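Just so we're aligned: 155 in full-length UniProt numbering is position 155 of the sequence shown, and the numbers increase by one with no gaps anywhere.
Ideal placement from N, C-alpha and C gives every residue a C-beta, glycine not left out.
Bear in mind that the values here come from a model prediction, so they are computed numbers and not experimental data.
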Amino acid sequence: MIAPTPVQVQASNSSNELYLRKARAVATTEDCRALYEKWAATYEQEVGDSAQEYVAPVLVAQAAIEHLSNPSKSVILDAGCGTGLVGVALGMARPKAIDGVDLSPAMLAIARKTGLYRDLTVADMNAPIEKADKTYDLVSCVGTFTLGHVGPDPALRELVRVTKNGGFVVSTILSQIWVPGGFKAEVEKLVEQGLVRVVTDELIDYVKGHGDKAVLLILEKIDRD
């Protein structure tokens, strides 16, 4: 294997930085979709770069697996699944099934190649998702609640809706938008309405190479039946 020259490494890093900046500056759902359609082919290579240290998928999957009482019988929704980084990590627990939804068909096409997903569907999480109530034992959502992507309403409530009573929603929310983006307030509303309890809302590393932090939010759905 021929090692890349400094110029090649610099060019690769510049390309990655460009996509990251654009991803956090998108203003509309269509802009977001268009960006990820272009980024899909190189996304995993770029976020997996040692300089980036995108650690959130593994950290969230580990936290999620800890809350599965019986992984082999669990059905999971990977919301905003992208190319399947979280699904691959969740697959280590050998769950019964993993479904995925994402805005970008190109990202889903790559996730499909992992062979880990039962079903993959295009969905805009800024709108209600077409999944039945109380379908999943666990819902994961990593890298979707970030700048310019998906807001708290209706997304958080929708993730709770499709979770079974006693199940869990495990997600990351970029720290910069936790309060000003309305996520903390939406969580408090869900708690006040008796829909969930907060298991944790601790701060974790997100893209470690950038010094980015995210709130690891774990919600348990309360049985109201």
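- If the five residues before and after G166 are omitted, its C-beta is found closer than 6 Å to the C-beta atoms of D223, all from its own chain and listed in chain order.
- Collapsing the DSSP output to three states places K213 in a strand.
- Annotation: the continuous beta strand (DSSP E) that includes S140 extends over Y136 to F145.
- Note: D201 is bridge-paired with L217 in the DSSP secondary-structure output.
- Buried is the label assigned to E46, since at least 16 other Cβ atoms lie within 10 Å of its Cβ.
- Around A214, the same chain offers A56, T172, I173, L174, S175, I204 and Y206 as residues with beta carbons nearer than 7 Å, after the five sequence neighbours per side are excluded.
- Assigned with DSSP and collapsed to three states, V26 falls in coil, not helix or strand.
- The beta strand (DSSP E) runs of length 3 or more contained entirely in the segment 79-153 are, from start to end of the chain, 97-102, 119-122 and 136-145.
- The criterion of a C-beta distance shorter than 8 Å is not satisfied by A106 and E53.
- Annotated as distal: T83 and A61, with beta-carbon spacing of 8 Å or more.
- Between V199 and L190 a beta carbon distance of about 13 Å is seen, past the 8 Å cut, so the two are scored as non-contacting.
- In the DSSP assignment, V196 is bridged to K221.
- Secondary structure of V187 (DSSP, three-state): helix.
- Distance from the Cα of E186 is smallest, within the candidate group P152, L120 and H67, for P152.
- Under the three-state reduction of DSSP, V55 is assigned to coil, being neither helix nor strand.
- Rounded to the nearest angstrom, the gap between the Cα atoms of D133 and D78 is 16 Å.
- In the DSSP annotation of this structure, the continuous segment of the alpha helix (DSSP H) that includes V160 starts and ends at A155 to R161.
- In the structure shown, the three-state DSSP call for L68 is coil.
- When the Cα atoms are used, D124 and R33 turn out to be separated by approximately 9 Å.
- Selection H149, D212, L219 and R118 evaluated against V26 yields H149 as nearest (Cα-Cα).
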